[in-house]
Amino acid sequence: MSGWGRVLRGNRTLWIVAASAVVCLVAGLLVGRFVLTPEDASADAPDPGLVTAPVEFGELTNDVTLRADVGYADAVDVKIDTSGLSGGAAVVTMAPPAVGTVLNPLSVALEVADRPVIVLPGELPAYRTMKFGASGQDVLQLKQALAGLGFGVGDVKSNLYDQATAEAVGALYAKAGYPVPESEEEGAEDAVAEAEKAVRTANDGVTSAEEALAEAGAGPGRSELLDLDVNVAAAEAGLAEAKKTGEGVQQAEWDLQKARVAREEALAPKNTSAEQAALASAKEDVTAAEKDLEEARQNALPFLPASEVLFLTELPRRVDEVKVKRGAVLTDAAMTISGATIRLTGAAAEADGALIKKGSEATFELTGGDGTEFHAVIAAVAKGEGESSRWTVILEPDPLKPEQIEALKGQNVRVKVPVGKTEGEVLSVPLAAVTAGPGGESRVEVVDSDPREGDEAKTHVVVVETGLAAKGAVEVTPVEGELDKGDLVVIGE
C-alpha cells in the first residue's frame, strides 16, 4: 500500500489527466445514448394537445382606471365690496375666522365696522344694495337662497324685492344676531311716524266734511216742521175769519201765502255742492297721505347692503388663509377659502370618459399605503373643451378621518371606476373561446375527453348568448346545449 502511495504521489499530474479522460469518455457515451438531435426529437414527440380554459362562475366587472389629484376645491380670494359703506373706514371689528374654519350658510365670515358679512349660497357676487322695488338676477338669487334656508320670501320665482323679501331679510339679520341696517334715508322711522299722523289727520278731515254735508243736506226737524204746519193752519184760519167779517182779507191772504212759502222752502232740497267739494278734497288728502305713508314704510323696510353679504358656491367652504386681523382697515382680499371637503380631480381618455357616469361608484388607494381601498362617488364628468380629448372627472370620497385627509391631500392616486357589472354571478369564458357559427351565432367548443389527445380529443359545440365583456373574459349563457362551471373550452390548438 505504501508502494502505490509512492507511485501516486510521484505522478499526481499524470493520474489527474487520466481520470479526466475517463470521465469525458463516460459522459460522451451517455450523451450519445440519451440525447436526441432536433430531427429525432421532432420525429418522436407526441402531437400537441388542445389549449383550453375552464368555464368560470362569478361576478364579472369592467373597470376604467385613471389617475386623480387629491385636494380641496379651487381656492378663491374673498373680497368684500365696501364702496357703499357709510360712517367711516372699513375697519375689521371682530377677529376673523381661524385657518381651517368651515363656513356654512348663515355663517358670519367677517365683521366690518360692527356690521356682519353673512354667508349665503349663490354664484353671483353681491354688487349693489338690494332693497324694496329692486329687481334682477341678484334679487332672484337672494330669494332662492333665503327660501332654501327656510325663510318665507313669497314668490320664489319672482326677481322682485318685495315686502315678503324685506321681511325675510329682517329675519335673516335676527338669525345672525345683528340689527337690520339703518335706512339710507336719514330719519326714516320718524318719517313713518309723521306719515301715520298725517293719515289720521286726513281721515279726521273726511269725518268732519261728511258731517257738514249731512247737516247741510238735512230737511227741517220734526219740531220745526210742526211749527211751520201750525203757522200755515193759523194763516188759513185767519183768512177764513177775514172773509166772514169782510175786513183784512187781502192781508190774511198774504199771511197765508207767506206761511206756505216758508214751509215749502224748508222742505225743498238744499244746495250742498260746497260741502260735497269739501268732502272730495278731504278724501284726496287721505289718498295722498296713505301714499306718503306707504313710501315712508318702504324706505324703512329691511334691505341688504352689498358689504354685508358674501355669496359662495359649493358650501360649506374652508378658510385656507387669513389676510387681515382685527383692527385692520379692509382694502383688499380678507381671506382665501376653498372647498371644505376633499375631492379628487382626474382625467380620462375620451373612450373611457364616455363610459363614466355621474353618481357612479369608484375606489382608490393611497399611494404607498397598505392597500386599503377608499370609496368615492363620481360628482361630475366633463368632456374636454377645444381640441382636448381628455375628460375631467370629479370624485367625492366618503367621509375621511383627519389623519386620512392629511395623508391623502396633495397626492396623485389610482382610481378604479366600474363601468359595467353583471347582475350577480354568471358563467364566463375567455374571449378567445367564443367563435362565430355559420349563421353568425356565438358558440364555444367544450372538451369531453383528455385535451392532450389533440385532434383525437372528443368535443361538442354549445351555442351561447354573450353578455358583458371585461378583463379578457365574456359573460356567456348557453342557448343550445349545456355549459357548467369547470367545463373546459377550447381557446386554441
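Following our numbering, the numbering of the sequence shown begins with 1 at its first residue and continues without gaps.
Beta carbons are placed, not taken as given, at the ideal position from N, Cα and C, and that holds for glycine.
Values in this document were obtained by computation on a predicted structure and should not be read as measured data.
So within the segment 145-195, which uninterrupted alpha helix (DSSP H) runs reach at least 4 residues, ignoring any that extend past its ends? If we require 4 residues or more, the alpha helix (DSSP H) runs fully inside the segment 145-195 come out as 163-176.
Local Cβ density within 10 Å of Val99, reported as buried at 16 or more and exposed below that: The residue in question, Val99, is exposed, as its Cβ has fewer than 16 Cβ neighbours within 10 Å.
Please state whether the Cβ-Cβ distance between Val286 and Ala202 is less than 8 Å. Yes, these two residues count as a Cβ contact at 8 Å.
Buried or exposed: Arg317, going by 16 or more other Cβ atoms within 10 Å of its Cβ? The residue in question, Arg317, is buried, as its Cβ has 16 or more Cβ neighbours within 10 Å.
By Cβ distance below 6 Å, which residues in the same chain neighbour Leu497 in space, the five residues on each side in sequence not counted? Absent from the model: residue 497. The displayed extent of the chain is 1 to 493, so no value can be given.
Throw me the rounded Cβ distance for the Gly467 and Glu475 pair, which I believe falls under 8 Å. With a Cβ gap of about 3 Å, Gly467 and Glu475 count as contacting.
My understanding is that Val180 touches Gly187, with C-beta atoms under 8 Å, so please give their C-beta distance in whole angstroms. A Cβ-Cβ separation of about 16 Å leaves Val180 out of contact with Gly187 under the 8 Å criterion.
Per the contact definition of three or more C-beta pairs closer than 8 Å, is the segment 132-142 in contact with the segment 155-163? Yes, since at least three Cβ pairs between the segment 155-163 and the segment 132-142 fall closer than 8 Å, the two stretches touch.
Check whether the Cβ atoms of Asp320 and Pro54 sit closer than 8 Å, and answer yes or no. The answer is no: Cβ separation not under 8 Å.
Simplified DSSP assignment, three categories, for Val329: Here Val329 sits in strand by DSSP.
Which residue spans inside the segment 330-375 form an unbroken beta strand (DSSP E) run of at least 3? Runs of the beta strand (DSSP E) lying entirely within the segment 330-375 and spanning at least 3 residues, in chain order: 335-339, 343-348 and 361-365.
Residues in its own chain within less than 8 Å of Ser281 by CB, not counting five upstream and five downstream? Cβ neighbours of Ser281 beyond the five flanking positions: Ala209.
For the candidate residues Ala268, Glu59, Thr207 and Arg263, whose alpha-carbon lies nearest to that of Gln276? Looking at Ala268, Glu59, Thr207 and Arg263, the one whose alpha-carbon comes closest to that of Gln276 is Thr207.
For Arg263, the three-state DSSP class (helix, strand or coil): Three-state DSSP puts Arg263 in a helix.
6 Å Cβ shell around Ala340 - same chain, five flanking residues per side excluded: Cβ within range, chain order: Val102, Pro316, Arg317 and Arg318.
Put Pro438 into one of helix, strand or coil per three-state DSSP. In the structure shown, Pro438 sits in coil (DSSP, three-state: anything other than H, G, I, E or B).
For Pro418, three-class secondary structure by DSSP: In the three-state reduction of the DSSP assignment, Pro418 falls in the strand class.
Which of helix, strand or coil DSSP assigns to Val70: Val70: strand per DSSP, three-state reduction.
Please name the residue, chosen from Val64, Leu110, Val119 and Glu59, that lies closest to Thr313 on a Cα-to-Cα basis. Nearest option by C-alpha distance: Val119.
Rank Glu196, Leu149 and Glu493 by C-alpha distance to the C-alpha of Pro451 and give the top, closest one. Out of Glu196, Leu149 and Glu493, Glu493 has the C-alpha closest to the C-alpha of Pro451.
With 16 other CB atoms within 10 Å as the buried threshold, where does Ala382 fall? In the assembly as shown, Ala382 is an exposed residue. Its beta-carbon has fewer than 16 other beta-carbons within 10 Å.
Could you give the DSSP three-state label for Leu408: helix, strand or coil? In the three-state reduction of the DSSP assignment, Leu408 falls in the helix class, which pools H, G and I.
Between Ala110 and Leu149, which are expected to be in contact by the criterion C-beta below 8 Å, what is the C-beta distance as a whole number of angstroms? For the record, residue 110 in the displayed sequence is Leu; it is not Ala. At roughly 19 Å, the Cβ-Cβ gap does not stay under 8 Å, so Leu110 and Leu149 are not in contact.
Would you decide whether Leu226 is buried or exposed? Buried here means 16 or more other CB atoms lie within 10 Å of its CB. Leu226 is exposed by the Cβ-count criterion.
Could you tell me whether the Cβ atoms of Val463 and Glu445 are closer together than 8 Å? With contacts defined by Cβ atoms closer than 8 Å, Val463 and Glu445 do not form a contacting pair.
Comparing C-alpha positions only, which one of Thr392, Val309 and Glu56 sits nearest to Asp484? Considering only alpha carbons, the answer is Glu56.
I want to know whether the segment 328-344 touches the segment 69-81 - three or more CB-CB distances under 8 Å. Under the Cβ criterion (8 Å, minimum of three pairs), the segment 328-344 counts as touching the segment 69-81.
Helix, strand or coil at Thr93 [DSSP, three-state]: Thr93 carries a coil assignment under DSSP once its states are collapsed to helix, strand and coil.
Starting from Leu124, follow the beta strand (DSSP E) in both directions and report where the run begins and ends. First-last for Leu124: undefined, no H or E at that position.
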